Structure formats: C-alpha cells, structure tokens
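Single-structure report; data block below.
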Amino acid sequence: DEVPTGLKSMVEAYIMCFLRTSARVVMTSRPGGFSQAWLEQCVMMRILPLDTKQQESVAKARLLQPSHLHVFRELMARPDLQQLASNPLILSMVLSYIRTATTCQQPTGPLNRWRLYQSA
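Everything in the sequence shown is counted per the working numbering, starting at 30 for the first residue and increasing by one.
Structure follows, in structure tokens:
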C-alpha cells in the first residue's frame, strides 16, 4: 500500500512473476495494499492472537533464566500487556526486552507499547 498508485499494477505483476519462478510465500501485515484480483490468486492465512497458555509456552521456551520467566509473569499480570502480548511480534519484543533488561540500560518507567518500541 506504500507503492504509488501508478506503479501498483507493475509491482503486482513483478511479484506474481517472482512467485511463479522462485518464492512460495509472500507475507504482509497490510493485505489492503493489494488489489482484490491479485489477492484472489493467493491462499490467505492469518496469524491469530495467542492465548495466555500459548504466551506462557513461548516464554518458557525462550526465557531460559528463571528470573526472566518471573519478570514475564509479573508483566503478564497486567491486562494491558497481556493483551499486547497476544500479538506474536509484540510477544517477541517483550521477551527480548526482558532478556536484555539486565544487560542494557532500558527506558525508565512502566513498560507499555511506546517504551517497548523505543527499546527495540
């Protein structure tokens, strides 16, 4: 959707040519940027929000230090952060934030979306 209107059809044609010869997957967070005709040629899949159990499972697999898992659980007690972490990308950012918090200077104040993006 960031491609100028006059170039969209050319970019879409190039992507389709590439797909036929090389790629098997195109991933986007903005399917609205593609024409309906182009999207009809694709298999659409969505990454669904993670539930609390899935978030915990990912955290256990990626946070190897017990103290990091403890911090994760404290943060997830906050409904706003638990809801943010239902997005797999945001969850990865939270886990990265936790792992680096002891080795790097992190922004002060409570963790929120803005601070999370600032630390990334």
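Ideal placement from N, C-alpha and C gives every residue a C-beta, glycine not left out. These numbers were taken from a predicted model, which means no experiment stands behind them.
Rounded to whole angstroms, the gap between the alpha carbons of glutamine 111 and serine 121 is 13 angstroms. In the three-state reduction of the DSSP assignment, proline 139 falls in the coil class. Sequence-distant Cβ neighbours of leucine 98 in its own chain, meaning closer than 8 angstroms and more than five residues away, are Ala88, Lys89 and Leu92.
With respect to alanine 114, glutamine 84 sits close: the two C-beta atoms are nearer than 7 angstroms. Within the same chain, Leu113 come within 6 angstroms of isoleucine 119 by CB-CB distance, once the 5 residues on both sides are set aside. By the neighbour-count definition (other C-beta atoms within 10 Å, threshold 16), valine 54 is an exposed residue.
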